[in-house]
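Asker: Residue numbers (my numbering): 154 to 292. Built from N, CA and C at the ideal position, the CB exists for glycine as well. Just so you know, these numbers come straight off a predicted model, no measurement behind them. Provided herewith is a single structure, encoded as structure tokens, for subsequent inquiry.
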Amino acid sequence: RDLHSFPTRRSSDLGSLLMWSIVGRTPAEVTALRNDGPSFMVLPDKRIASQVRLKIENETAEPRRYVVSLADAPDAALKSALAVWEIKPHHAAEIPLFVEADAATFTHGQRRIHLRVFDDQGFARIVAITLLGPVGGSQ
Numbered sequence: 154r155d156l157h158s159f160p161t162r163r164s165s166d167l168g169s170l171l172m173w174s175i176v177g178r179t180p181a182e183v184t185a186l187r188n189d190g191p192s193f194m195v196l197p198d199k200r201i202a203s204q205v206r207l208k209i210e211n212e213t214a215e216p217r218r219y220v221v222s223l224a225d226a227p228d229a230a231l232k233s234a235l236a237v238w239e240i241k242p243h244h245a246a247e248i249p250l251f252v253e254a255d256a257a258t259f260t261h262g263q264r265r266i267h268l269r270v271f272d273d274q275g276f277a278r279i280v281a282i283t284l285l286g287p288v289g290g291s292q
């Protein structure tokens with residue numbers, strides 16, 4: 154077939170794609186990371202502390218201040234070294250967290266929670282996390 158018989162993109166189409174790419178960017182990317190070491194530990198009060206690691210990438214040209222909170226687990230507690238994480242422009246940070254919860258709230262060694270990540274400029278994202286804990290509700 155003649156190469157010239159294939160449809161080509163108009164320059165206005167390419168401009169639209171470029172504009173969507175610029176407008177469609179999010180100010181941050183949030184990713185749940187695989188844990189290093191043990192996924193959970195049994196605390197002295199028999200509650201479970203499950204490790205969670207998030208990677209937050211600031212995609213903007215300005216520093217942003219991010220906060221992580223539990224979105225839907227009133228019976229659990231989120232533990233973090235910092236209350237606010239400041240991330241430089243076009244940089245990423247790994248955020249180590251622990252979620253403490255009763256052992257009985259784990260089913261087959263797992264519990265699903267949602268973390269809310271938001272910044273001081275209006276960005277907000279809900280991230281689904283599967284916590285690992287003891288199988289059978291206790292260690």
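Leaving out the 5 sequence neighbours to the left and right, which residues in its chain are closer than 6 Å to A214 when beta-carbon positions are compared?
Answerer: Looking up residue 214 in the sequence shown gives position 61. Closer than 6 Å at the Cβ level, and outside the excluded window around A214, lie P242.
Asker: Look up T184 in the DSSP assignment and say whether it is helix, strand or coil.
Answerer: Indexing the sequence shown from 1 puts residue 184 at position 31. T184 falls in the strand class under three-state DSSP.
Asker: From the DSSP secondary-structure annotation, give me the bridge partner or partners of F271.
Answerer: Locating residue 271 in the sequence shown gives position 118, counting from the first residue. The partner list for F271 (beta bridge, DSSP) reads V220 and A277.
Asker: Tell me, please, whether the stretch 276–291 touches the stretch 246–263 by the rule of three or more beta-carbon pairs shorter than 8 Å.
Answerer: At 8 Å Cβ cutoff, the stretches touch.
Asker: Curious, which full-length beta strand (DSSP E) runs of at least 3 residues does the stretch 210–263 contain?
Answerer: Listed in chain order, the complete beta strand (DSSP E) runs (minimum 3 residues) inside the stretch 210–263 are 217–223, 230–233, 238–240 and 245–254.
Asker: Which residue wins for smallest C-alpha separation from E247, given the options H267, N188, A202 and R206?
Answerer: Here the question's residue 247 lines up with position 94 in the sequence shown. With distances taken between Cα atoms, E247 lies closest to R206.
Asker: Quick check: what's the CA-CA separation for I279 versus Q204?
Answerer: Taking the first residue of the sequence shown as position 1, residue 279 is located at position 126. Taking the first residue of the sequence shown as position 1, residue 204 is located at position 51. The straight-line gap from Cα to Cα measures roughly 18 Å.
Asker: Pick out whichever of V221, K232 and P249 has its Cα sitting closest to the Cα of D273.
Answerer: Counting from one through the sequence shown, the residue named residue 273 turns up at place 120. The residue with the shortest Cα to Cα distance from D273 is V221.
Asker: Leaving out the 5 sequence neighbours to the left and right, which residues in its chain are closer than 6 Å to A202 when beta-carbon positions are compared?
Answerer: The residue labelled residue 202 in the question sits at position 49 within the sequence shown. Closer than 6 Å at the Cβ level, and outside the excluded window around A202, lie M194, L196, F251 and E253.
Asker: Just to confirm my understanding: we take I266, look at its own chain, exclude 5 residues before and 5 after, and list those with CB closer than 7 Å. What are they?
Answerer: Within the sequence shown, the letter at position 113 stands for residue 266. Taken in chain order, the residues that qualify are L223, D225, A226, A229, V252, I282 and L284.
Asker: My assumption, with CB atoms under 8 Å, is that A185 sits in contact with F276. Please give the rounded CB distance.
Answerer: Position 32 of the sequence shown, counted from the first residue, corresponds to residue 185. Position 123 of the sequence shown, counted from the first residue, corresponds to residue 276. Going by Cβ atoms, the distance from A185 to F276 rounds to 17 Å, so no, they are not a contact pair.
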